[in-house]
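In our numbering, the protein residues as written are -7 to 154. The structure appears below as structure tokens.
Here it is as structure tokens:
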């Protein structure tokens, strides 16, 4: 079944959002490098790379269905992060935005009767539940640490192992 119309447009929007998410994570990595937390920076860089993989999944799905994937305009992340908890809060906020976008795609696919997109979108829904849980857990731990240097260094070391 060829992918056209509103759903194809929405998938292109999602491709742009996934690439934007990659940019957000890359900026968060930069901010953690500035704070001399290379392990946390590495974790954010890995997240950035993962978001590009997500964009590629949408691109492949569209291409396989005769649609024309296109990346929209991507602005600068516009983040003002100076703390570890601020970085993970920004990450969680962005993941929630992506999650809602995926749910909207799922609803649209059902409304359009596009059952061919449902398996991929179900995978993304499960992925987003996992992403939000992971970032939420890290944020909870950061809050427990409460800017304690030893705790931040331990977390930095743990996240470097990703």
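C-beta: ideal position from N, C-alpha, C; glycine also.
State the CB to CB distance for the pair residue i and residue j, rounded to an integer number of angstroms; the pair is presumed to be in contact (CB under 8 Å).
| i | j | result |
| --- | --- | --- |
| residue 47 | residue 11 | 5 Å |
| residue 145 | residue 76 | Not really, about 11 Å apart at Cβ, beyond 8 Å. |
| residue -1 | residue 101 | 6 Å |
| residue 91 | residue 124 | 6 Å |
| residue 50 | residue 131 | Going by Cβ atoms, the distance from residue 50 to residue 131 rounds to 27 Å, so no, they are not a contact pair. |
| residue 13 | residue 43 | 4 Å |
| residue 19 | residue 71 | 5 Å |
For residue i, count neighbouring C-beta atoms within 10 Å of its own C-beta (all shown protein chains included) and say buried if the count is 16 or more, exposed if not.
| i | result |
| --- | --- |
| residue 148 | buried |
| residue 4 | buried |
| residue 24 | buried |
| residue 96 | exposed |
| residue 154 | exposed |
| residue 31 | buried |
| residue 66 | exposed |
| residue 140 | exposed |
State the start and end residues of the unbroken alpha helix (DSSP H) segment that holds residue i.
| i | result |
| --- | --- |
| residue 44 | 30 to 56 |
| residue 142 | 141 to 152 |
| residue 136 | 110 to 137 |
| residue 0 | -3 to 26 |
Once you ignore the five residues that flank residue i on each side, which residues in its own chain have a CB closer than 7 Å to its CB?
| i | result |
| --- | --- |
| residue 21 | 33, 36, 37 and 40 |
| residue 74 | none |
| residue 64 | 4, 5 and 8 |
| residue 133 | 147 |
| residue 93 | 6 and 9 |
Once the 5 residues before and after residue i are set aside, which same chain residues still bring their CB inside 8 Å of it?
| i | result |
| --- | --- |
| residue 155 | This structure cannot settle anything about residue 155, because the visible part of the chain is limited to -7 through 154. |
| residue 59 | -6, -5, -4, 0 and 3 |
| residue 127 | 80, 83, 84 and 87 |
| residue 135 | 77 |
| residue 57 | -7, -6, -5 and 108 |
Spatial neighbours of residue i within its chain, please: C-beta separation below 6 Å, excluding the five flanking residues on both sides.
| i | result |
| --- | --- |
| residue 108 | -7 |
| residue 98 | 113 |
| residue 29 | 148 |
| residue 151 | 31, 32 and 35 |
| residue 16 | 69 and 86 |
In chain order, each alpha helix (DSSP H) run of at least 4 residues that lies wholly inside the segment 71 to 108 = 76 to 104
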